[in-house]
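**Q** According to the UniProt record's numbering, the sequence shown is numbered sequentially starting from 1.
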Amino acid sequence: MEIGLTLGRGAAETVVRPAFDKVQYWIELLQGKHTSTEEMVNELDILEGLIKDTDSSSAIHTLKAARGQAEDLCASIRDVIDDAKRFARYNHQHVPLRCIRKYTHNLVGKPSICETAERIVKLRSQVRRLQEILTPFVGQGMVPTSAQAGRLQHRHVAHAEGHWEGMEEPKTSLFQYVLGRESHRQMVALVGMPGVGKTSLARYVYEDNKVKGHFNCHAWMTVEESCATKQLLLGMISRLYEEANVRLPDAINIMDEDELSGMIQRFLKQEERRYVIVFDDISRRGQLKLLSDLALPDKNHPNYGRVIVTSRNREVIESCDHTITITQLTSPDDWNLFCYKAFGSSSFSPGEEICQHRERISNLCAGLPLAIDVLSALLAKKDHSQWSSIISELESHGDLGAATEILETSINELPKNMGHKNCLLYFSMFPKSSTVSHNTLVRLWIAEGFIKRQPRQTRQAVAEKYLSDLVDLHVLMVEDSIMIQKKAENEDFCTSCSDGNQQAPERVRRMSIQIEEDDFRQNVSLSKLQTLFISNKIPHVPKLLSSTTALKVLSMQGSLIEEFPKEIGNLTHLRYLNLRDTKISNLPMSLGNLTNLETLNLKGTFVSELPKSILKIQSLRHLLAYRYDAPKKPERQPEAIFGVRVPKGIGQLKQMRTFSVVVADKESKIVKELINLKKLRRLGVLNLRREDGSDLCESIAKMDQLSSISITAMDDEYLDIHNLSVVPPQLQRLYLRGQLQVVPQWFTSLHRLVRLLLSGSSLNEDSINILQSLPQLAELSLIRALNVDQIECQIGGFRNLKILDLDQLNGLVNVTLHGSMRWSLTPETVAEMSKVTFLTGCKYLAQNGTMEFAL
């Protein structure tokens, strides 16, 4: 009898309990309460912790499958939390009859509330099941100690200025070839085995200030073995045109290889073009032959050109004019390099406990700078007593390449209870030849949920620390990204649909489409997809987006879409939307449905006005909406910059960190509303009227986190910003376009300013004295900015200046200099300096883009 009653109670519990929970959650959601949501947030934290605690490269299949299910479940929980919060949104609006409005809204949405309540019940049961599976695996040698997690300490950057152990000769040779007197095209090749430093050396020379100033056309191309010729040519012309601020023709994507090659040749053959182009990691002879024969001017053309080629295969570079062979380091260079990177000095004298490992370290690294980079980073954060066991483990994998095995070990050393590993694997989302800005990475990591808040730190600061840690560990300084790509695919982190892989797996969470037209096979379910990158034109974007309702990150940068896809308005979980460099000109009211959106990137689009519905996106943090008139150089012509008009009430979006560039319309009163955006770090204002200057100063004085300000006056109006009472203490970049006559007195408080641009300022000589006293100023641009015929630079003036950019200083006649200085010059500055008389007892040298004054 008791057994029957027990079974009966158990059956009733199984049936009744879920139904009771569902009704309870339904009532809470209807009332706009957060109780069930908070419980799910707590369970999400526990589940995410279990995923990290059971992370292991040697995980058994059962554990790997359970972790995959747990990651899917975490994504579903985040979605249902978003939905639950949306129902509660009206509970916090300060409007009349708030309660009536709240209940009316939630009753109208009753079917959705029922569905959400049912999902909560289902998800919570799944959480309990997976917790039971994963918990036994915790603590089985896979969890790092807190000491290990905390040892990500500061490290010295590899190949610092002037420090190239064992590579001084090839470095000197490359500089000589690149800056040589030969006026026609010269091709120089760096050849050597993987890991010897070919790419690092090429990058070092390419980015050198002398080299930058010596040429006016620059392009770096990473050549993948599977890269189609057309894609290679498209990438090359895009880089050249972008640097020159020349707009690409609309028909460029339908051009064939011959047409693209002709475009590049005509561009490089233009009068006064001086070009340096790098083709990194060419593996096929046919690729180099096609580029040199079709896309580049021939050797007899008079334009000054240099082409740097890196390759592992000597046969590939037979047609080059010069060849530099990079070999493995030998003793003592390899040990000196290790000491420099591990301890910060090649002259460091380590004790016996370190020196006893010298021979084993040298054998393990095999003279490869790449292996030395990674191993030094790995060992530097370990106690010396642990070195022997780590080296022994690496020695046991003698069948693997030195750099490969060391890198694998270094990746596995990343703290599992933090987000470093996901941040590292995220690099596999980008094409090999692409460049990604620091700010873009940080925003993407935050949108993905990799970055958790820490005590007394913002998510931005935590993300920047993660990036710094990855750089310091040298896990990003790899010639090939194959290992990171492979690791990401093995762990089902993401998939890339490129020329060699045109189909996505069924359970993909993140996908990057890097192919054209109909190559992508849209025949799989993408219901689990959280992140989608589309970098080329595909014909079925609407169909693709309609099946991806769980998207949190969507990037369509460079896609040839002309209208805002209406399906985006249904992606209510979206946190990051990148429409940069598309042809979109209008945004619909449905944009306001994206109430979780944090980043909206409209740079390079034709959008000139934002819809009023954007005021609903209270979570918005980063709004980037400006474009340049490509044929002009915007920093020299303010009229070439275009911003966006925003609706009245934009000051409600108090979470904003980036707001650039906004048009200061008289009707919108936008300048007055800026005072509410106290958390801004970057601000750009266009068409500022003189009478709005005092209001802008009042607003800026409240923004104590500002690091970048760009202000452009309307037409030729006076830029009245002299009344700024409090200078943002973090200000590092300042761009002012408009008449100043004298620099404001608050310039003397710009102690952290690194970059300054003044255009159309009409400054007097006293203003120059203030500028040269700025202690951290490294880059100065003066465009039509001086109203003087002479400048006097004092001893100690411009003490940290590295780059000087002068243009259109027609009245300047004399420059008097006291002391020694060395500046890198822009091409415009070189032309300006040729018109000026230097009154100085110093020796003046101006060559290869560098100006040097020496006593």
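For every residue, glycine included, the Cβ atom is placed at its ideal position computed from N, Cα and C.
Buried or exposed, going by whether 16 or more other CB atoms sit within 10 Å of the CB of T548?
**A** Label assigned to T548: buried.
**Q** Compare the C-alpha of S773 against each of V743, A785 and M714 and name the closest.
**A** Here the closest residue by C-alpha is V743.
**Q** Using a Cβ-Cβ distance cut-off of 7 Å, determine whether K528 contacts chain C.
**A** Looking at the structure shown, chain C is missing, and only one protein chain is on hand.
**Q** Between I795, R755, A202 and S761, which has its C-alpha nearest I721's C-alpha?
**A** When only C-alpha atoms are compared, the closest one is S761.
**Q** Counting C-beta neighbours from all protein chains within 10 Å, is the total for I795 16 or more, i.e. buried, or is it exposed?
**A** Burial call: exposed.
**Q** Buried or exposed: where does R314 fall if 16 or more other Cβ atoms within 10 Å of its Cβ makes it buried?
**A** The residue in question, R314, is exposed, as its Cβ has fewer than 16 Cβ neighbours within 10 Å.
**Q** Do you know whose CA, among N363, P369 and A342, lies nearest D383's CA?
**A** Of the candidates N363, P369 and A342, the one whose C-alpha sits nearest the C-alpha of D383 is A342.
**Q** Quick one: measure Cβ to Cβ for V309 and F279, integer angstroms, because I've assumed they're closer than 8 Å.
**A** Contact flag correct, Cβ pair sits at about 5 Å.
**Q** Helix, strand or coil: which one does DSSP assign to T199?
**A** DSSP places T199 in helix when its eight states are reduced to three.
**Q** For my contact list, S311 and A189 are in at a C-beta cut-off of 8 Å; report their separation, rounded to the angstrom.
**A** Between A189 and S311 the Cβ distance is about 6 Å, and since that is below 8 Å, they are a contact.
**Q** Please report the distance separating the alpha-carbon of A70 from that of F564.
**A** Roughly 34 Å between the two C-alpha positions.
**Q** By Cβ distance, which residues of its chain are closer than 7 Å to I484, with the 5 residues on each side in sequence left out?
**A** Closer than 7 Å at the Cβ level, and outside the excluded window around I484, lie L424, L425, F427 and S428.
**Q** Would a C-beta distance cut-off of 7 Å place A664 and D629 closer than the cut-off?
**A** Cβ distance not < 7 Å, so A664 and D629 don't count as in contact.
**Q** Would you mind working out which of L777, V788, K528 and Q618 sits nearest N764, comparing C-alpha positions?
**A** Answer by Cα proximity: V788.
**Q** Compare the Cα-Cα distances from P170 to each of C497, G197, D492 and T658 and report the closest residue.
**A** Selected option, being the one with the closest Cα: G197.
**Q** From what residue to what residue does the beta strand (DSSP E) around H214 run?
**A** Counting along the chain, H214 falls outside any beta strand (DSSP E), though it belongs to the alpha helix (DSSP H) covering N209 to H214.
**Q** Are there 16 or more other CB atoms within 10 angstroms of the CB of A430, so buried, or fewer, so exposed?
**A** With the sequence shown as reference, residue 430 is identified as Phe, and Ala is not the correct amino acid for it. By the neighbour-count rule (16 or more Cβ atoms within 10 Å), F430 is buried.
**Q** Compute the Euclidean distance between the alpha carbons of N676 and T605, then round it to the nearest angstrom.
**A** Going from the Cα of N676 to the Cα of T605 covers about 27 Å.
**Q** Between the Cα of N363 and those of V607, E353 and L375, spot the shortest distance and give me the residue it belongs to.
**A** Among V607, E353 and L375, the Cα nearest to that of N363 belongs to L375.
**Q** My assumption, with CB atoms under 8 Å, is that L329 sits in contact with E165. Please give the rounded CB distance.
**A** Their Cβ separation, rounded to whole angstroms, is 7 Å, which keeps L329 and E165 in contact under 8 Å.
**Q** Based on DSSP bridge pairs, tell me the residues matched to H573.
**A** Partner(s): none; H573 has no beta bridge.
**Q** Taking the C-alpha atoms as reference points, what is the distance between Y844 and V815?
**A** With a pLDDT of only 46 at Y844, under 50, the local geometry of the prediction cannot be trusted, and no value is derived from it.
**Q** Taking Cβ positions, are L688 and F659 nearer each other than 7 Å?
**A** Taking 7 Å as the Cβ cut-off, L688 and F659 do not qualify as a contacting pair.
**Q** Label I287 either buried or exposed according to how many other C-beta atoms from any shown protein chain fall within 10 Å of its C-beta, with 16 as the threshold for buried.
**A** One point to set straight first is that residue 287 is Gln, not Ile, in the sequence displayed. When all chains shown are included, Q287 counts as buried.
**Q** Kindly indicate the opening and closing residues of the alpha helix (DSSP H) around R755.
**A** That residue, R755, is in no alpha helix (DSSP H); its beta strand (DSSP E) goes R755 to S759.
**Q** Compute the beta-carbon to beta-carbon distance between V307 and Y206, rounded to the nearest angstrom, for a pair I have assumed lies under 8 Å.
**A** Between Y206 and V307 the Cβ distance is about 11 Å, and since that is not below 8 Å, they are no contact.
**Q** Have a look at Y466, N216, I709 and P194 and flag the residue whose alpha-carbon is nearest the alpha-carbon of A244.
**A** Minimum Cα distance to A244 is reached at N216.
**Q** In the DSSP output, which residue or residues are listed as bridge partners for V309?
**A** Note: V309 sits in a beta bridge opposite A189 and F279.
**Q** If I'm right that V442 touches L467 with Cβ under 8 Å, what's the distance once you round it to whole angstroms?
**A** Contact holds; Cβ gap of about 7 Å.
**Q** Thinking C-alpha only, which one of P611, H573, L600 and L579 is nearest M589?
**A** That would be P611, whose Cα lies nearest to the Cα of M589.
**Q** Alpha carbons only, please: which of A380, A366 and F493 is nearest the one belonging to P350?
**A** Out of A380, A366 and F493, A380 has the C-alpha closest to the C-alpha of P350.
**Q** Considering Cα atoms alone, identify which of S749, D805, L529 and G195 is closest to M326.
**A** First, the residue type needs correcting, since residue 326 is Ile and not Met in the sequence shown. I326 has its Cα closest to that of G195, out of S749, D805, L529 and G195.
**Q** In or out: A251 buried (at least 16 other Cβ within 10 Å) or exposed?
**A** Per the 10 Å Cβ criterion, exposed.
**Q** Checking the sheet assignment: what are the DSSP bridge partners for A219?
**A** Beta-bridge pairing links A219 to I277.
**Q** Give me the residue from E359, Y241, M193 and K583 with the minimum Cα distance to L560.
**A** Out of E359, Y241, M193 and K583, K583 has the C-alpha closest to the C-alpha of L560.
**Q** On the criterion of 16 or more Cβ atoms from any shown chain inside 10 Å, does E318 qualify as buried, or is it exposed?
**A** Result: exposed.
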